[in-house]
Amino acid sequence: MYAEPASPLLGPEWPNRFAALGDRFFTELPAQGLPDPHWVAWSEGCARDLGLPDAGLRPDDSRLLAALSGNGSASPLRPLASVYSGHQFGVWAGQLGDGRALWLGELQTPQGPMEIQLKGSGLTPYSRMGDGRAVLRSSIREFLASEAMHALGVPTTRALCITGSALPVRREEVETAAIVTRVAPSFIRFGHFEHFTHTEPDPEALRRLLDFVIDIGYPACRDAPQPAAALLEAVARRTARLMADWQAVGFCHGVMNTDNMSILGLTIDYGPYGFLDAFDPGHVCNHSDHQGRYAWARQPNVAFWNLHALAQALLPLIDDPDQALAALEPYKTEFAVALDDRLRAKVGFATERDGDRALIEGLLQRMAADAADFSITFRRLAGFDSREGAANDALRDLFVDREAFDAWARDYGRRLRDEHSIDAERALRMNRVNPKYVLRNHLAETAIRAARGGDFGEVQRLLKVLSAPFDEQPEQAAYAAFPPDWAQHIEVSCSS
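In terms of the working numbering, the sequence shown opens at residue 11 and continues consecutively.
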């Protein structure tokens, strides 16, 4: 009788290089599996990128379903939860850690070793007052956001699949449990370093962690006179580029604590995130962020603050504190240059001219004043007719103050004509950087509501649309429409 080949996720033993750091860094423990699990969603794109064959993630594979639901590890290695500390909302929170996540090990992929992690697999020693579970709602949001951000070209952790169960979990209300299988080259955060400087000071453990991170992500720092300072600068540069990416696509993370900052410059831990609808630089997507610390416009400065916290954690490994401060300085220039490059691409400039920044700022000011939709405005801008006197009604209709828009449009059209911009060619370029489809909260909420009713098809449909965010997809145009009125009342918080 013919037997389907086993998934590589159930194959030979995986390594787990993090485990070699020693038991100061983690606790080994089994997952608390979901009872009677079922598939909710899976990402074929993530599976392909992991090098899994077509049979590598089969919804009819009961053994794989069990393994990725915490009922028997997908690896012979013992799962582990790591310990870290961190600042939350700018306040030192002490010891934290993987309160609901377990590292299974590393899968060898075409992109190199990738860590596989179950999120929502039950209590760990670091769960504090939590239950270690994830709910269907938050799992769908993280799954979709991870894959949507990847498709947008933003560095991010990935999500392979979601499994669910009828197991009740109490949040603001009783919900059902789920587990996301997450993928990343590493899940190490700024807070891992903070732990061994502030919570459990251990210079030797800190040194081992530094060497580990250099080996897996920053090998060029190995031969630097001061490897810790070199790492700090490299992390600062990556983080600066990540912030430019977030700002350019209108992404708000919502909870940029140091324990949610990736040492590899990835977007990590999708909770109360959101993409901008009406443009508001002060938009706060996290209902729990009462002070607006993590508003969209503040994200670059918060990242710099977090880098200072990382610098403090690395000081025991740096000879001179001034070297740490010097290592952070490139963040400012790196961010400014990266954001300028992304904004220039968004407005279609092929050359650099004096006054470009003022012109771009003028557009953003007009968008903010009139609450123009962020994604739709830039997408329609790609169709701008640069001929003198052209109406550009589709774009103009997004603005309340038409005269102010007309004045800006005259300057913009003149700027395009000065560089002999060809409208059709410019439109193609702009549509490659200005997405038509982003994961708006109401789209995620619609998929969540259907899933709660037992229909997981909308999650897969939405994933497919978001996997090609720059394509027209005329048959899916409804996913690119203005948000409905009820979307204004969606609230997401740290439990999301």
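Just so you know, even glycine gets a beta-carbon here, dropped at the ideal spot from N, CA and C.
May I ask which residues mark the beginning and end of the alpha helix (DSSP H) holding residue i?
i    : result
F492 : No alpha helix (DSSP H) contains F492, which DSSP labels as neither H nor E.
G467 : G467 to L476
A392 : Premise fails: A392 is in no alpha helix (DSSP H) and is neither H nor E.
H160 : L146 to L162
R406 : D403 to R406
Out of curiosity, what's the CA-to-CA distance linking residue i and residue j?
i    : j    : result
N441 : H208 : 47 Å
G100 : D495 : 34 Å
T268 : E204 : 9 Å
E210 : W102 : 14 Å
E152 : A91  : 19 Å
T249 : D407 : 36 Å
S85  : W24  : Bear in mind that a pLDDT of 48 at S85, under 50, signals an unreliable position, so the number given afterwards is only what the model happens to contain. Those two C-alpha atoms are separated by around 6 Å.
L19  : Q118 : 10 Å
L74  : H48  : 11 Å
D428 : A158 : 36 Å
L216 : Q105 : 15 Å
I273 : Y94  : 13 Å
W418 : D411 : 11 Å
S196 : E125 : 6 Å
G281 : E501 : 12 Å
Y489 : F409 : 22 Å
E482 : A336 : 45 Å
F200 : V164 : 19 Å
E339 : G122 : 31 Å
Q236 : E398 : 57 Å
L133 : V145 : 14 Å
A51  : D465 : 11 Å
A381 : C295 : 16 Å
L220 : A238 : 7 Å
Buried or exposed for residue i, please, with buried defined as at least 16 other CB atoms from any protein chain shown within 10 angstroms of its CB.
i    : result
W113 : buried
A487 : exposed
R256 : Note that residue 256 corresponds to Trp in the displayed sequence, not to Arg. Buried, since its Cβ has 16 or more Cβ neighbours within 10 Å.
M271 : buried
I150 : buried
F28  : buried
N507 : The requested residue 507 is not part of the displayed model; the chain covers only 11 to 506.
K356 : buried
R363 : exposed
A30  : exposed
T166 : buried
I432 : exposed
D71  : buried
P45  : exposed
F394 : buried
Run through DSSP, which three-state label would residue i get?
i    : result
S431 : coil
R363 : coil
N296 : strand
T456 : helix
P310 : helix
A381 : coil
D350 : helix
E501 : coil
R168 : strand
S92  : strand
F35  : helix
V245 : helix
S85  : Residue placement at S85 is flagged as unreliable, the pLDDT there being 48, under the threshold of 50; the coordinate-derived value follows with that caveat. S85 falls in the coil class under three-state DSSP.
R68  : coil
Q375 : helix
A41  : coil
A305 : coil
G55  : helix
A400 : coil
T134 : coil
G284 : strand
Q98  : strand
R251 : helix
F261 : strand
R232 : coil
In the DSSP assignment, find the beta strand (DSSP E) that holds residue i and state where it starts and stops.
i    : result
H48  : H48 to W52
M124 : G122 to K129
E482 : Taken as a continuous stretch (DSSP letters only), E482 belongs to no beta strand (DSSP E), as it is neither H nor E.
A111 : A111 to T119
A103 : V101 to Q105
What are the complete beta strand (DSSP E) segments, minimum 3 residues, inside the stretch 174-217?
184-194
So within the stretch 317-348, which uninterrupted alpha helix (DSSP H) runs reach at least 4 residues, ignoring any that extend past its ends?
331-338
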